[in-house]
Amino acid sequence: MSEIIFTKDKRRRLLESRDSHAQPIIDYLNALLLHQNFLELAVPELRKHILIVLQKLCEKSMLYPTCYTLDGIEDISPKGAGGFCDIYQGRYQGQNLCLKVVRLYEKQDQHEMLKAHSREAILWSQLEHPNIAPFYGVFCLKEAHGRICLLSPLMENGNIVEYLKKESQVPRRPFLHDIASGLEYLHKENIVHGDLKGINVLVDQFSNARLTDFGLSKITTDGTLGFTNTTKLASGRTAGWASPELLEDDARPTRESDIWAFGCVCYEVSLCHFSDPQNDSTHQLSFPCLGSDRTIPISGMFGLSNCCEIDEGIFACSIG
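Mapping of the sequence shown onto full-length UniProt numbering: position 94 corresponds to residue 94, and the numbering continues sequentially without gaps.
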């Protein structure tokens, strides 16, 4: 397998597989990544590149690992909308589920959006951490013209912005620790989130914060596979949480830009300063840091001083 993955011509032929030829390859690569012995024995670099190849093959063939396909979702109804997705809720074997489906605007955007949806499904399926929202599988949603949706448990508390607007007196430090813990896990797995902001942090029934929305996430590499992520700011990343370097036309998210976004989320959560991503045409959170006036407003002093008392360990994920 390593010979195929790291040999350009063999890898190219593998990625040209389609339909009935591609499905068993996809299932095999996915099974490798989930197999405990492989996880324990494989060189981390090999595992990372198998995941990249699996992502590429799935997005090119528009297929998913068979084991992630679920049927029998009941009581499906619209729940809301995200930046580029419509959200439904449903039930499966007695559990409430969240169904995320790509909203398609123009024909020329459809292919790229569906490819991004495929990348997100494969990447998300490999993540397992107490501060990452679980991935349950994929489902063909008839109510959305047969489009594939991504399944996860429905978090009744909603995202952290919604939750803190209702529960304004709850302690904030545990949430910041949870968010940092989830981000640290991603970075250790060589994954950049790419779109960290308050509405992409869910609050579960035990009041734990869980990161979600990996549509702009990417696997960091040394270029061995020539892997690139062509998603740009205009394709969905929210300007108000993006670091200054991401304003460049050819910019790509990095660990460092994730840490910038984490700082913006700390500001959101600690001071209850929530911006509307749907109306985010400027750097609402980051531009003030770039100007000449860096005076801290008196109204924010108390909240900021509390924020500065956060354990240093929360920011450990920004080191190294």
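The beta carbon of each residue, even a glycine, is placed where N, CA and C say it ideally should be. Predicted model, so just to flag it, every value in this text is computed and none were measured.
Asked	Found
Out of G240, G82, E40, D27, which has the shortest C-alpha to C-alpha gap to L57?	D27
Which of helix, strand or coil does DSSP assign to Y136?	coil
Locate the beta strand (DSSP E) running through S152, then write down its first and last residues.	147–153
Go through the segment 149–205 residue by residue and report every complete run of the alpha helix (DSSP H) that reaches 4 residues or more, in order.	160–166, 173–188
Within 10 angstroms of the Cβ of S305, are there 16 or more other Cβ atoms? Answer buried if so, exposed if not.	In this predicted model, S305 has a pLDDT of only 44, less than 50, meaning its place in the structure is not dependable enough to derive any value.
If I'm right that H193 touches L183 with Cβ under 8 Å, what's the distance once you round it to whole angstroms?	7 Å
Rounded to a whole number of angstroms, what is the C-alpha to C-alpha distance between L104 and I122?	20 Å
With 16 other CB atoms within 10 Å as the buried threshold, where does G90 fall?	buried
If you follow the beta strand (DSSP E) that D75 is part of, which residue opens it and which one closes it?	74–81
If we ignore side chains and look at the alpha-carbon of each, how far apart do C98 and L33 end up?	25 Å
So S210 and A133 are in contact, right, with Cβ under 8 Å, and what is the actual spacing, rounded?	At residue 210 the sequence reads Arg, which differs from the Ser that was named. Rounded, the Cβ-Cβ distance is 4 Å, consistent with contact.
Please work out which residues of its chain come closer than 7 Å, Cβ to Cβ, to D178, disregarding the five sequence neighbours upstream and downstream, and give them in chain order.	N131, N208, A209
Taking the straight line between their C-alpha atoms, what separation do you get for G80 and R173?	29 Å
Between the Cα of V101 and those of H129, C67, L151, W124, spot the shortest distance and give me the residue it belongs to.	L151
Evaluate the contact criterion for the segment 110–129 versus the segment 141–158: three or more CB pairs, one atom per stretch, below 8 Å.	yes
Taking the DSSP output, what are the residues bridged to G90?	L97
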